[in-house]
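Numbering (this note's numbering), first residue to last: 5 to 224.
From the three backbone atoms N, C-alpha and C, an ideal C-beta is built for every residue, glycine too.
Here is the structure we will look at, set down as structure tokens.
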Amino acid sequence: MRVQIFSVLYFSLTVQTLDNPNTEYDSYSYEEEVATTPKAIGTRRPTKKRPRDPVFSVKEFLDTNDTIWVYSSTEEGNITCRVDVMEDVNPLYANITRYTLSNGEISIFSAKAEFSYNPNLATTADDYNEMKLESSGNNNPFETLIHMSEDKACGVFYVNYHSDVHLLLGTWFELRIRNSSLAQGPDSTCSLLYQQYSSRQNTTYTYTPACQCISRHIKF
């Protein structure tokens, strides 16, 4: 199974995910065999077609009273820790307060996160699979959920822009996890897929227990 994440810049990033030998196929494409005689009727041989990749609901991932930490990230910069607190989650958006520890200082940013579809990974028939935090300059990236564990405790995000600003600000990947799952760590599939997706980038920061210093500043 392969997931295609398309950049609008002139190239596409292909990411290898886990193979599932038990996948069932419902649709087929057909190739006509060459006839051995002029009057022979061509026979058709079914060829298995790759199933459509799943779309994960960003609302379902965010719909929790738990704080959600960035467990690992390839974002360039001086960030040490980051955590999101959900103020309100509904079918169209979420109100989020984001706490970031960078250069020894904690910044707090509250915003409405509008849900939407990534145009290359979902259709309007799917659940919303990405969000974008509103800002005065409207220059925040889209945060696309490309994998979520069955218990919704961890998710892999592709942070990207739907325009040529990719060239200036780049794209990155994040593994996010709910606070209640920190002790056991992220699901093994979440960890593996994050490693595969981010294999061409460097992980710039990871969660450590020291990040809990942010908790003193969180207002519920």
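query	result
A126 classed as buried or exposed, judged by whether at least 16 other C-beta atoms fall within 10 angstroms	buried
Identity of the residues DSSP links to T84 by a beta bridge	Paired residue(s): none; T84 is not in a bridge.
Run of the beta strand (DSSP E) containing L186, from where it starts to where it stops	Run containing L186: none; DSSP gives neither H nor E here.
Ordered list of beta strand (DSSP E) runs contained in the region 120-176, each at least 3 residues	134-137, 146-152 and 158-164
Distance CB(V160)-CB(L197) smaller than 8 Å	yes
Residues of its chain near I150, where Cβ-Cβ distance is below 6 Å and the 5 sequence neighbours each way are ignored	V160 and Y162
Anticipated Cβ contact below 8 Å, R180 with Y75, distance rounded	6 Å
Three CB pairs or more closer than 8 Å across the region 113-124 and the region 98-105	yes
Endpoints, alpha helix (DSSP H) assigned at V62	V62 to L66
Backbone secondary structure at Y211 - three-state DSSP	coil
Bridge partner(s) assigned by DSSP for L105	C85 and I110
Status (buried if at least 16 other CB within 10 Å, exposed otherwise) for N206	exposed
C-alpha gap between L137 and E147, whole angstroms	9 Å
Per-residue burial, T78 [other beta carbons within 10 Å of its own, 16 or more giving buried]	buried
Check whether N133 and N144 have beta carbons under 8 Å apart	no
Exposed unless 16 or more other CB atoms sit within 10 angstroms - verdict on S202	buried
Of the listed residues R220, T175, N94 and R182, nearest to G81 (C-alpha basis)	T175
For S195, the first and last residue of its enclosing alpha helix (DSSP H)	S192 to Y201
First through last residue of the beta strand (DSSP E) which encompasses I72	I72 to S77
Helix, strand or coil at Q220 according to DSSP, with G and I counted as helix	Per the sequence presented here, residue 220 reads as Arg, with Gln not at that position. If DSSP states are grouped into helix, strand and coil, R220 belongs with the helices.
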